[in-house]
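One structure is given below, encoded as structure tokens.
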Amino acid sequence: MKRHFSMILAIIVVLSSATVGYVFGLSKQHSAHVQAAVEQPKITPSAEGSTVDGLNNILNVAVAWKQTAAEYKALYHQSFNMARIQVDRALANRKEGDKPLAVITDIDDTILSPVNYWGYLINNNKDFFDDAIWDKWIPTYNMAATAGALDFFNYCKKKGVEVFYVSSRDQGSKTYHYAKTQLKKLKFPYVDKKHLTILRDTSNKEPRQNEIAQNYKVISYLGDNLNDFRRIYYVADIDKRAKLMEQDKDLFGTKFILMPNPTDGHWVRAIFGESEPAATDNNRVIWKEAATRSAWKQK
Numbered sequence: 001m002k003r004h005f006s007m008i009l010a011i012i013v014v015l016s017s018a019t020v021g022y023v024f025g026l027s028k029q030h031s032a033h034v035q036a037a038v039e040q041p042k043i044t045p046s047a048e049g050s051t052v053d054g055l056n057n058i059l060n061v062a063v064a065w066k067q068t069a070a071e072y073k074a075l076y077h078q079s080f081n082m083a084r085i086q087v088d089r090a091l092a093n094r095k096e097g098d099k100p101l102a103v104i105t106d107i108d109d110t111i112l113s114p115v116n117y118w119g120y121l122i123n124n125n126k127d128f129f130d131d132a133i134w135d136k137w138i139p140t141y142n143m144a145a146t147a148g149a150l151d152f153f154n155y156c157k158k159k160g161v162e163v164f165y166v167s168s169r170d171q172g173s174k175t176y177h178y179a180k181t182q183l184k185k186l187k188f189p190y191v192d193k194k195h196l197t198i199l200r201d202t203s204n205k206e207p208r209q210n211e212i213a214q215n216y217k218v219i220s221y222l223g224d225n226l227n228d229f230r231r232i233y234y235v236a237d238i239d240k241r242a243k244l245m246e247q248d249k250d251l252f253g254t255k256f257i258l259m260p261n262p263t264d265g266h267w268v269r270a271i272f273g274e275s276e277p278a279a280t281d282n283n284r285v286i287w288k289e290a291a292t293r294s295a296w297k298q299k
């Protein structure tokens with residue numbers, strides 16, 4: 001009996017030791033796993049661009065939307081449809097002796113789409129607008145017409161409504177040539193010295209717009225930037241800019257035809273104080289702060 005008891009006791013001891021060892025082993029593994037998780041180094045973007053081959057590039061979502069979303073293109077169609085309604089109304093109300101009719105339009109991101117440029121930036125690990133790359137890219141003529149743009153401007157030409165292009169660009173002495181060539185390649189109408197204005201030294205379009213308005217009844221202004229409509233929007237203050245917009249709310253969809261642009265524009269200047277902020281970690285923090293101005297705080 002004692003012998004049987006000793007054997008049973010030995011078995012219990014062995015099983016207990018094995019169990020403790022197994023549990024201890026799991027505990028060690030778990031501890032190692034937790035420690036590894038705690039000690040996992042954080043990926044910090046460098047000043048030159050984001051890391052991990054662009055997987056954490058802050059441009060990804062906005063550019064993906066521009067590249068793929070049917071809604072993005074639909075907003076252009078919607079804008080040009082509203083512009084066409086204004087053209088038809090102006091034609092219907094026109095009286096003998098009235099000034100000739102015209103529309104004034106911005107170019108980049110309004111009638112020409114530079115998504116190819118943004119894709120290049122992401123492929124090259126850039127997460128901010130890069131002016132030097134932009135200047136090299138412009139002469140490649142890789143822009144496409146935005147959805148509905150050609151249909152609308154050809155409709156204007158058919159109806160005798162003149163189109164004036166007013167854009168701010170600067171790629172040196174050939175700036176005008178580059179813009180004219182791109183528009184002609186895509187077969188936009190009214191691409192000539194009278195109708196195409198390229199501002200190299202300023203983003204203020206009002207003086208040229210006012211000149212046109214002296215001789216034409218301007219039906220609508222088209223742009224992707226509030227500054228394409230009125231210079232007063234050129235302020236480096238988010239709330240003030242929004243307040244100014246609210247004062248003009250009845251003009252949107254009629255006098256002002258606004259296109260979507262989630263990647264660049266003077267809305268960026270309202271955040272950073274400049275339209276083309278440098279690619280620094282400090283500015284990436286500012287992006288995050290802007291994106292979380294309103295954020296749920298779980299209690």
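Letter by letter, the sequence shown follows residues 1 to 299 in our numbering. Just so you know, even glycine gets a beta-carbon here, dropped at the ideal spot from N, CA and C.
| Item | Value |
| --- | --- |
| Of the listed residues I286, S173, K66 and R230, nearest to A144 (C-alpha basis) | K66 |
| Whole runs of the beta strand (DSSP E) within the segment 170 to 212, excluding any shorter than 3 residues | 196 to 199 |
| Three-state class that DSSP yields for Y141 in the structure shown | coil |
| Top-ranked residue by Cα proximity to A69, from G253, L244, A147 and I58 | A147 |
| Assumed close pair I122, G54 - CB separation to whole angstroms, cut-off 8 Å | 5 Å |
| Reduced DSSP category for V20 - H, G, I as helix; E, B as strand; rest coil | In this prediction, V20 has a pLDDT of 35, which is less than 50 and means its spatial position is unreliable; what the coordinates show is noted afterwards. Helix, per DSSP. |
| Three-state class that DSSP yields for P45 in the structure shown | With a pLDDT of only 46 at P45, under the threshold of 50, the placement of this residue in the model should not be trusted; the figure read from the coordinates follows. Of the three classes helix, strand and coil, the one that applies to P45 here is coil, per DSSP. |
| Local conformation of G223 per DSSP, three classes | strand |
| Distance between beta carbons of K185 and Y155, contact taken as under 8 Å | Between K185 and Y155 the Cβ distance is about 20 Å, and since that is not below 8 Å, they are no contact. |
| Where the alpha helix (DSSP H) through E246 begins and ends | I238 to Q247 |
| Which of helix, strand or coil DSSP assigns to T105 | strand |
| Exposure label - A47; buried when at least 16 CB within 10 Å | Below a pLDDT of 50, predicted positions are generally treated as unreliable, and A47, at 49, falls in that range; the measurement from the model is reported next regardless. A47 comes out exposed. |
| 8 Å contact criterion, which I198 and A213 should meet: CB distance rounded | Incorrect: roughly 19 Å between the Cβ atoms, too far for contact. |
| Rounded Cβ spacing between Y190 and K159 (contact assumed at less than 8 Å) | That belief does not hold up - the Cβ atoms of Y190 and K159 are roughly 13 Å apart, past 8 Å. |
| Simplified DSSP assignment, three categories, for K217 | strand |
| Whole beta strand (DSSP E) elements within the segment 77 to 135, 3-residue minimum | 101 to 105 |
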